[in-house]
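Here the structure is laid out as structure tokens; the discussion comes afterwards.
2 protein chains.
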Amino acid sequence: MALPSAISEGFLSPSEPRVASPEGSESQDPRVRRTRQILQQTLAELLRTREFETLSVQEITDAAGVNRATFYAHYPDKFALLECMVAGRFHALLQGRGVVFDGSCSMALQGIVLGVCDFLTQSLRQGAGAQCPKANPLPPHMESAIIAVVRGMLLDGIRKHPPEGAHSPELLSSTASWAIYGAAREWLQTPNHLSSEEFAPAIQRLVAPILHPES
Amino acid sequence: MALPSAISEGFLSPSEPRVASPEGSESQDPRVRRTRQILQQTLAELLRTREFETLSVQEITDAAGVNRATFYAHYPDKFALLECMVAGRFHALLQGRGVVFDGSCSMALQGIVLGVCDFLTQSLRQGAGAQCPKANPLPPHMESAIIAVVRGMLLDGIRKHPPEGAHSPELLSSTASWAIYGAAREWLQTPNHLSSEEFAPAIQRLVAPILHPES
DNA sequence: CACTATCTGTTGACTAAGCGACAAATGTCG
DNA sequence: CGACATTTGTCGCTTAGTCAACAGATAGTG
Numbered sequence: 000m001a002l003p004s005a006i007s008e009g010f011l012s013p014s015e016p017r018v019a020s021p022e023g024s025e026s027q028d029p030r031v032r033r034t035r036q037i038l039q040q041t042l043a044e045l046l047r048t049r050e051f052e053t054l055s056v057q058e059i060t061d062a063a064g065v066n067r068a069t070f071y072a073h074y075p076d077k078f079a080l081l082e083c084m085v086a087g088r089f090h091a092l093l094q095g096r097g098v099v100f101d102g103s104c105s106m107a108l109q110g111i112v113l114g115v116c117d118f119l120t121q122s123l124r125q126g127a128g129a130q131c132p133k134a135n136p137l138p139p140h141m142e143s144a145i146i147a148v149v150r151g152m153l154l155d156g157i158r159k160h161p162p163e164g165a166h167s168p169e170l171l172s173s174t175a176s177w178a179i180y181g182a183a184r185e186w187l188q189t190p191n192h193l194s195s196e197e198f199a200p201a202i203q204r205l206v207a208p209i210l211h212p213e214s
Numbered sequence: 000m001a002l003p004s005a006i007s008e009g010f011l012s013p014s015e016p017r018v019a020s021p022e023g024s025e026s027q028d029p030r031v032r033r034t035r036q037i038l039q040q041t042l043a044e045l046l047r048t049r050e051f052e053t054l055s056v057q058e059i060t061d062a063a064g065v066n067r068a069t070f071y072a073h074y075p076d077k078f079a080l081l082e083c084m085v086a087g088r089f090h091a092l093l094q095g096r097g098v099v100f101d102g103s104c105s106m107a108l109q110g111i112v113l114g115v116c117d118f119l120t121q122s123l124r125q126g127a128g129a130q131c132p133k134a135n136p137l138p139p140h141m142e143s144a145i146i147a148v149v150r151g152m153l154l155d156g157i158r159k160h161p162p163e164g165a166h167s168p169e170l171l172s173s174t175a176s177w178a179i180y181g182a183a184r185e186w187l188q189t190p191n192h193l194s195s196e197e198f199a200p201a202i203q204r205l206v207a208p209i210l211h212p213e214s
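Below you can see the structure in the form of structure tokens.
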């Protein structure tokens, strides 16, 4: 089939963040949008009852009513599909809440932090983990996908209103996004943790100095 | 594109009942199933807020994300799509209730009558009509589609257990299906009508003699 | 009346998706 | 270890869907 352009649209290079750009460079061909949406939605439904590791590409495409060869025309493997699915849904969650980080507004940062906490919660409520509190709550590909979305939003905002510090926007956004995810992950694993609304301000106070070096 | 076979699958000849065979001859290609399902579902959603007559093929295909030329590869016009959509949904309603008419079981006939009443109710609750009680409650193509489904179910049952009368199964099923629809339609237009559960037995008693000529 | 605009079917070139088959990798069991 | 089944990518061919463009129909509008 050979869809070289489709690959760069379905996911990014494996070396870099390697996550979907859910809005950035989506295909205009309705067929492409359709099959990717079907595959992502099907994966989300399968993950309600199945472990991601136990799923084969065959099962996913069968459930989706999509040919297996078509799958490989869009994603190199099931991990890439997972990343795109997570990135898309997390991005949609933030979009639905109207969260737009435009630089230094702490309200937007608060929204992102809240989004990460809530997305993490809902992802593992009906997900694989939750048996051993010490175990990794989510597949690593899911984690990197969430971080990549956060990084992208922070990067956009920083570029619009760059702070005075000498650090590059890429460094700032990467540092902050990993910090946010790490904090949220730690919060989630704490046995009797506060609600996300109660705890998010604490994370925000920890992370804000990264973005505003001298304030 | 030329899909001569697809046409005969999407709908039947315009001269005869002209309704979809939702299960009978469905295509095995996932793409055609997908496209037809998308179009039918989109039409159903549009009908919640729009009048059928005011909808153009353009609007339907735009909302469905399907090319207009593709539409004409499956349906000759929007009326055919409406018929297929109604037939499919009504058939699904009966399937969901486990209604199978296998000849002379009055319970199954009761189920069909109840299904017609309930389907009519829900179709016009969020539909076009309901402004003037004298007006036609539903577009004629919807009505013929419902009747055709009923006729098909009755015909299947009669063929399995043919009654002793000299009439053909086709005549019996057609007569009964039109009678059922006419009765249900009259019931629905009555200002303070009974519930469908209360009124269905009356329709059933009226119609049963058609199917059992000398009992 | 002509002018504009929209909708309707239809056509042909291009592209994505389906399908079967294939070799290679990966488990899995005796 | 070998035999076996499953999964994984990949390839060529066929088919369905997209897209732009077309002529004809219908309907306002000045």
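Residue numbers (numbering that gives the first Met the number 0), protein chains in the order written: chain A, 0 to 214; chain B, 0 to 214.
Yeah, the Cβ is synthetic: ideal placement off N, Cα and C, and Gly gets one too.
Treat the numbers as computed from the prediction; the structure is a model and nothing was measured.
Between B/Ala-183 and B/Gln-109, the C-beta spacing is not below 8 Å.
Assigned with DSSP and collapsed to three states, B/Cys-116 falls in helix.
A distance below 6 Å between beta-carbons, with the five flanking residues on each side excluded, links B/Val-206 to the following residues of its chain, in chain order: Ala-175, Ala-178, Ile-179.
Taking the Cα positions, A/Arg-49 is about 27 Å away from B/Gln-36.
Taking a beta-carbon distance threshold of 8 Å, A/Arg-33 counts as an interface residue toward chain B. Contact with chain A is absent for B/Val-56, since none of that chain's Cβ atoms lies less than 8 Å from the residue's Cβ. Neighbours of B/Gly-87 in chain A, taken as residues whose beta carbon is under 9 Å from its own, are absent, since the nearest beta carbon is some 17 Å off.
Taking a Cβ-Cβ threshold of 8 Å, none of the residues of chain A is close to B/Gly-114; the smallest such distance is about 28 Å.
Residue environment analysis places B/Ala-165 among the exposed positions, since fewer than 16 neighbouring C-beta atoms fall within 10 angstroms of its C-beta. Residues of the same chain with a CB within less than 8 Å of the CB of A/Ser-105, apart from the 5 flanking positions on each side, are Gln-203, Ala-207 in chain order. Interface annotation, B/Val-65: in contact with chain A, CB-CB separation under 8 Å. DSSP places A/Ser-143 in the helix class (H, G or I) of the three-state scheme. Here the C-alpha atom of B/Leu-80 lies approximately 15 Å from the C-alpha atom of B/Ala-147. With a 10 Å radius around the Cβ and a threshold of 16 neighbouring Cβ atoms, B/His-90 comes out buried.
When secondary structure is reduced to three states using DSSP, A/Ala-43 falls in the helix class.
Spatial neighbours of A/Leu-45 in its own chain (CB-CB distance under 8 Å, excluding positions within 5 residues in sequence) are listed in chain order as Leu-54, Glu-58, Ile-59, Ala-62. For the C-beta of A/Pro-29, the chain B residues within less than 8 Å are, from N- to C-terminus, Gly-64, Val-65, Asn-66. The beta carbon of A/Ala-144 is closer than 6 Å to those of Val-18, Glu-82, Val-85, Ala-86 in its chain, skipping five residues each way along the sequence. Bounds of the alpha helix (DSSP H) holding B/Ser-173 are 168-188. In this structure B/His-140 touches B/Phe-78 by the C-beta definition: roughly 5 Å separates them, less than 8 Å. Selection A/Gly-156, A/Gln-39, A/His-73 evaluated against A/Val-99 yields A/Gly-156 as nearest (Cα-Cα).
Look at B/Ala-165 here: in three-state DSSP terms it is coil, with no helix or strand label.
When DSSP states are grouped into helix, strand and coil, B/Tyr-74 belongs to the coil group. For the pair A/Thr-34 and A/Val-56, the CB atoms are not nearer than the 8 Å cut-off. Boundaries of the alpha helix (DSSP H) around A/Gln-57: 56-63.
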